[in-house]
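Asks: So in my numbering, spot 78 of the sequence shown is number 992, and the numbers just go up one at a time. We treat Cβ as the ideally placed atom computed from N, Cα and C, and that holds for glycine.
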Amino acid sequence: MYECLASMFVYLPPLLGVLFLLFRHYDQKEDFWQFCIIIAIMFVVEIFYDMPLWLLFVLFVVLRYIVIAWLTHFNVKYIIHIAQVILTYIGLYVALVCISIITHATLDLNPIVLVYYCLFEIILVSIYEYTI
């Protein structure tokens, strides 16, 4: 339902940061079926936004097992969720730029829109974290 609203109202973000938080949460719980549902949602988002398949999965695995694992050593648990959202959008932008350079395609993605999406999701994640 949210994807339908996001297609009608372009100011709604795709919630990739929230999807990464869910990916990380269900990966830690080691619940296979819920993790499969998150992966299926990632594929739907990739198809809906015309992204290359497996891009989000590879990005989320790299962020989860390399970047976030490295960040947890610094004891920044109060801002780790905000950092995850920011790193998700930075990683997505870098990956899409690299793919556009390799394929010689034009990238119709404005970085200012990604900053807006990132700020919108940071507010959502902050509200979620303070209500727990």
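Please determine, among D964, P928, Y940, V1039, the residue with the shortest C-alpha to C-alpha distance to Y992.
Replies: If you number the sequence shown from 1, residue 992 lands on position 78. Checked all of D964, P928, Y940, V1039; the closest Cα to Y992 is V1039.
Asks: Classify D964 as helix, strand or coil using the three-state DSSP reduction.
Replies: For the purposes of this step, residue 964 is taken as residue 50 along the sequence shown, with counting starting at 1. D964 falls in the coil class under three-state DSSP.
Asks: Drop a sphere of 10 angstroms on the beta-carbon of F937, count the other beta-carbons inside from all chains shown, and report buried for 16 or more, exposed for fewer.
Replies: Locating residue 937 in the sequence shown gives position 23, where the first residue counts as 1. Classification of F937: buried, given that the 10 Å Cβ count is 16 or more.
Asks: Which of helix, strand or coil does DSSP assign to V975?
Replies: Walking along the sequence shown from the start, residue 975 turns up at place 61. Reduced to three states, the DSSP call for V975 is helix.
Asks: Note down the Cα distance separating L926 from D945, rounded to an integer number of angstroms.
Replies: Within the sequence shown, the letter at position 12 stands for residue 926. Within the sequence shown, the letter at position 31 stands for residue 945. Cα-Cα distance, rounded: 30 Å.
Asks: Looking at the unbroken alpha helix (DSSP H) that takes in L936, where does it start and where does it end?
Replies: Against the sequence shown, residue 936 aligns to sequence position 22. Here the alpha helix (DSSP H) through L936 covers 930-943.
Asks: In chain order, which alpha helix (DSSP H) runs of at least 4 residues are fully inside the region 971-1037?
Replies: Qualifying alpha helix (DSSP H) stretches, in chain order: 982-985, 994-1017.
Asks: Leaving aside the five residues before and after T986 along the sequence, list all residues of the same chain whose C-beta is less than 8 Å from its C-beta, in chain order.
Replies: The residue given as residue 986 occupies position 72 in the sequence shown. Counting only Cβ-Cβ distances below 8 Å, and skipping sequence neighbours, we find I994.
Asks: For Q942, is the classification buried or exposed, using 16 other Cβ atoms within 10 angstroms of its Cβ as the cut-off for buried?
Replies: Numbered from its first residue, the sequence shown carries residue 942 at position 28. Exposed, because fewer than 16 other Cβ atoms sit within 10 Å of the Cβ of Q942.
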